[in-house]
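Heads up: the sequence shown begins at 1 in UniProt numbering, then just goes up one per residue. We treat Cβ as the ideally placed atom computed from N, Cα and C, and that holds for glycine. Computed from a prediction, not measured in an experiment: that's the story for all the values here.
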Amino acid sequence: MLHILSFPWKVIAALIPPTTLLGGWLSFFCALIVIGFITAIIGDLASILGCMIGLKDAVTAITLVALGTSLPDTFASKIAAQNDATADNAIGNITGSNAVNVFLGLGLPWTIAAIYWSIKNESFIVNAGNLGFSVTIFMATSIICILLLVARRILAFFGKGELGGPIGPKILSALILIILWLSYVLLSALQIYNYISI
Numbered sequence: 001m002l003h004i005l006s007f008p009w010k011v012i013a014a015l016i017p018p019t020t021l022l023g024g025w026l027s028f029f030c031a032l033i034v035i036g037f038i039t040a041i042i043g044d045l046a047s048i049l050g051c052m053i054g055l056k057d058a059v060t061a062i063t064l065v066a067l068g069t070s071l072p073d074t075f076a077s078k079i080a081a082q083n084d085a086t087a088d089n090a091i092g093n094i095t096g097s098n099a100v101n102v103f104l105g106l107g108l109p110w111t112i113a114a115i116y117w118s119i120k121n122e123s124f125i126v127n128a129g130n131l132g133f134s135v136t137i138f139m140a141t142s143i144i145c146i147l148l149l150v151a152r153r154i155l156a157f158f159g160k161g162e163l164g165g166p167i168g169p170k171i172l173s174a175l176i177l178i179i180l181w182l183s184y185v186l187l188s189a190l191q192i193y194n195y196i197s198i
């Protein structure tokens with residue numbers, strides 16, 4: 001069953017040339033192009049799905065699209081956590097992937113658009129919309145996450161480690177993180193639909 005579900009992805013991946021050509025650079029750039037193409041398709045499909053079920057684009061972005069970009073990183077972090085002696089690579093992967101999503105995912109298109117409109121002697125303006133509120137909620141939940149990681153590192157209750165430890169504190173940590181994510185999505189969605197005014 002897994003082979004059948006993953007077969008289309010295997011066919012797409014087969015289009016990427018082997019790393020033995022041109023020192024791997026051809027493979028790297030072809031993989032980037034394929035990833036960009038798949039990302040565009042998934043973004044459009046998420047937007048269509050959001051439209052069909054009545055979600056605004058901003059809510060679709062913080063739920064469906066965010067999950068789509070984060071799940072592969074979650075699996076990579078899980079593998080790193082299982083194979084490494086410390087949690088450094090697993091937690092570093094989370095930070096690094098989010099930095100790439102934000103700085104490259106937003107920065108590159110904005111830079112290209114700014115250059116394009118500058119050549120035409122026009123301004124490139126992006127309205128902030130609901131971004132300020134969402135960023136504030138995100139920062140608040142991020143601080144709580146960091147405090148949880150620090151508490152897990154220094155308290156014996158958690159096993160003095162960011163990952164693992166006794167089963168009860170592990171489940172408690174997972175519940176706290178899930179509640180933080182749900183709170184972020186709920187508060188942001190309420191503000192996007194004007195139930196919360198700022």
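Member of the options whose CA lies at the smallest distance from the CA of residue i
i	options	result
residue 143	117, 181 and 113	181
residue 16	22, 5 and 28	28
residue 67	46, 52 and 85	46
residue 13	34, 110 and 5	34
residue 104	4, 179 and 32	32
residue 8	106, 109, 95 and 38	38
For residue j and residue i, the rounded distance between their alpha carbons
i	j	result
residue 151	residue 168	15 Å
residue 85	residue 159	15 Å
residue 72	residue 125	32 Å
residue 116	residue 127	18 Å
residue 18	residue 156	48 Å
residue 129	residue 23	45 Å
residue 163	residue 170	8 Å
Under 9 Å between C-beta atoms of residue i and residue j
i	j	result
residue 271	residue 193	Past the boundaries of the shown model lies residue 271; the chain is included only from 1 to 198, so the question cannot be answered.
residue 133	residue 62	no
residue 148	residue 118	no
residue 87	residue 78	no
residue 43	residue 65	yes
residue 101	residue 80	no
residue 76	residue 97	yes
residue 154	residue 187	no
residue 145	residue 177	yes
Cβ neighbour criterion (16 or more within 10 Å) applied to residue i
i	result
residue 161	exposed
residue 123	exposed
residue 191	buried
residue 261	This structure does not reach residue 261, given that the chain is present from 1 up to 198, and the question cannot be answered.
residue 50	buried
residue 121	exposed
residue 83	exposed
residue 175	exposed
residue 2	exposed
residue 55	buried
beta-carbon residue i near the ligand MG non-hydrogen atom, thresh 8 Å
i	result
residue 89	The ligand MG is not among the ligands present in this structure, which contains no ligands whatsoever.
Curious, which full-length alpha helix (DSSP H) runs of at least 4 residues does the segment 156 to 198 contain? With a minimum length of 4 residues, the unbroken runs of alpha helix (DSSP H) contained wholly in the segment 156 to 198 fall at 167 to 192.
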